[in-house]
Amino acid sequence: MNIYILYCIIDVYFYLYGVIPLFNRLGLLEKRFEELNKMLCDPNVISDQQSYRKLMKEHKELEGIVQKYRQYKSADSDLQEAKEILDEHGLDKELKEMAENEVSDAKERIKKISEELKVLLLPKDPNDDRNVIIEIRGGAGGEEAALFSAALFRMYSMYAESKGWKTEILNCNETQLGGYKEISFMISGEGAYSRFKYESGVHRVQRVPETESQGRVHTSTVTVAVLPEADDVEIEINPSDLQIDTYRAGGAGGQHVNKTESAIRITHIPTGVVVECQDERSQYKNKDKAMKVLKSRLLEAKRKEHDDEIAQERRSQVGTGDRSERIRTYNYPQSRMTDHRIGLTIYRLEDILNGDIDEIIDALTTADRAAKLAGEDEYDG
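In this note's numbering, the protein residues as written are 137 to 517.
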């Protein structure tokens, strides 16, 4: 995280407890922002692409905060001017009322902007801008769970498409009825992880299965794991720690993949993590995809270990993100979706399953921010 932003975050908490004014560090941020504007116009900086990208990233991080700070200063200036008018002697009644209204309006603007600044200054998840790997596995319910795994994959794919993001299947184990016992896929696009990170956990579906002749509602579950894509520089893997096996891929329908040993299974011996990929005809491509998943799983395990050490384990977020936690219910007879972490219920299930999930994600993001602002160790929903 940028050091200027870190200083400002520290001052937010001092400010909340009335120790020192928030303006101190915000002024430094504005000064740094102006410096960046000049540096980004320097031909020497522009010619150094690595340096230019780094400065552009910092500029982008600061831009929203500085704009909001300038709105704050403008509102504060209006407040001081209105107060000066009220301090004048011999004001007529109409002018006094106008000044009092201006004071009231400026105070409201300052209050609103202050709250918005607090949100902007919250520590940002460093993974938010990354691509995301999602793994969906059928849980309780057999074939019905596999069919709902396919429904969730379709929902996420349609949402990604609406954002202009790319979806790439990494591995899947399809059933005869078109469901998935398991499927893993990558969604590539700026900010993808930030939109999907709250999806980890158990998703429960209540509906009448197509194979049910009595018309009874069954309950099935599917688990979802969400991983930020790992950069090569973050995870170093010793080739001697890997056991790589090839085998003939299996799948519904007896496709060509069953005839060649193109499927790859990689076992990371020190951790016991096993990754399989059989989606591509090429053994090389399957290995490349499997390594992406392996690195992301190891990065997630590393991050979780770090969180455990500092006794947070994502408690400042909505829920724990644990795949054993039941987070959501999709009830077909009532056309209802309920997110149990924040008590959100929406009665338009068809739209949601067609990828219209922005309302859910926005509500979860808002609740997460509120929990962090309140200083809670864990959001209980």
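No residue lacks a Cβ here, since even glycine has one placed at the ideal position from N, Cα and C.
So, are the CB atoms of residue i and residue j less than 9 Å apart?
{"i": "THR311", "j": "GLU346", "result": "no"}
{"i": "VAL362", "j": "LYS333", "result": "yes"}
{"i": "GLY491", "j": "GLU199", "result": "no"}
{"i": "LYS423", "j": "ILE373", "result": "no"}
{"i": "LEU500", "j": "ARG477", "result": "yes"}
{"i": "ALA287", "j": "LEU480", "result": "no"}
{"i": "ARG343", "j": "TYR468", "result": "yes"}
{"i": "ARG266", "j": "GLU171", "result": "no"}
{"i": "THR474", "j": "HIS339", "result": "no"}
{"i": "TYR329", "j": "VAL429", "result": "no"}
{"i": "ALA426", "j": "ASN307", "result": "yes"}
{"i": "VAL353", "j": "ARG505", "result": "no"}
{"i": "ILE246", "j": "LEU222", "result": "no"}
{"i": "ILE101", "j": "GLU335", "result": "With the chain covering only 137 through 517, there is no way to say anything about residue 101."}
{"i": "VAL358", "j": "ARG273", "result": "yes"}
{"i": "VAL239", "j": "LYS219", "result": "yes"}
{"i": "VAL409", "j": "LEU435", "result": "no"}
{"i": "GLY315", "j": "SER293", "result": "no"}
{"i": "GLN419", "j": "THR382", "result": "yes"}
Where DSSP assigns a beta bridge to residue i, which residues make up the other side?
{"i": "ILE319", "result": "ILE272 and CYS308"}
{"i": "GLU436", "result": "Per DSSP, none; premise fails for GLU436."}
{"i": "GLY337", "result": "VAL360"}
{"i": "SER324", "result": "LYS302"}
{"i": "LYS467", "result": "The amino acid occupying residue 467 in the given sequence is Asn; Lys does not appear at that position. DSSP output for ASN467 lists GLN342 and ARG472 as bridge partner(s)."}
{"i": "ILE482", "result": "MET473"}
{"i": "CYS413", "result": "ILE400"}
{"i": "TYR383", "result": "ALA399"}
{"i": "LEU378", "result": "HIS404"}
{"i": "HIS354", "result": "ARG343"}
{"i": "ARG462", "result": "VAL338"}
Consult DSSP for residue i and reduce its assignment to one of helix, strand or coil.
{"i": "THR407", "result": "coil"}
{"i": "ASP498", "result": "helix"}
{"i": "LEU258", "result": "coil"}
{"i": "ARG505", "result": "helix"}
{"i": "ILE221", "result": "helix"}
{"i": "ILE249", "result": "helix"}
{"i": "GLY163", "result": "helix"}
{"i": "ASN267", "result": "coil"}
{"i": "VAL393", "result": "Reliability of the predicted coordinates at VAL393 is poor, the pLDDT of 43 falling under 50, and no value is obtained from them."}
{"i": "ASN422", "result": "helix"}
{"i": "LEU313", "result": "coil"}
{"i": "ILE488", "result": "helix"}
{"i": "ALA296", "result": "helix"}
{"i": "GLU365", "result": "coil"}
{"i": "ALA510", "result": "coil"}
Rounded to whole angstroms, what's the CA-CA distance from residue i to residue j? Just pull it up for me.
{"i": "LEU253", "j": "ARG331", "result": "21 Å"}
{"i": "GLU217", "j": "ILE497", "result": "42 Å"}
{"i": "TRP301", "j": "SER320", "result": "16 Å"}
{"i": "VAL341", "j": "ARG401", "result": "31 Å"}
{"i": "LEU509", "j": "TYR205", "result": "18 Å"}
{"i": "GLU461", "j": "SER213", "result": "49 Å"}
{"i": "THR502", "j": "ALA235", "result": "35 Å"}
{"i": "ASP178", "j": "ASP184", "result": "10 Å"}
{"i": "PRO259", "j": "SER324", "result": "23 Å"}
{"i": "VAL360", "j": "ASP241", "result": "47 Å"}
{"i": "ALA281", "j": "THR403", "result": "27 Å"}
{"i": "ASN180", "j": "ILE270", "result": "41 Å"}
{"i": "LYS174", "j": "ARG161", "result": "20 Å"}
{"i": "GLN186", "j": "ILE201", "result": "24 Å"}
{"i": "LEU123", "j": "GLN203", "result": "Any property of residue 123 remains undetermined from this structure, which presents the chain solely from 137 to 517."}
{"i": "PRO262", "j": "GLU486", "result": "33 Å"}
{"i": "GLU194", "j": "ALA211", "result": "26 Å"}
{"i": "LEU313", "j": "PHE169", "result": "56 Å"}
{"i": "LEU257", "j": "GLY327", "result": "18 Å"}
### Message
Restricting to runs no shorter than 4 residues, where is the alpha helix (DSSP H) found entirely within the segment 163–239?
### Response
179–183 and 185–223
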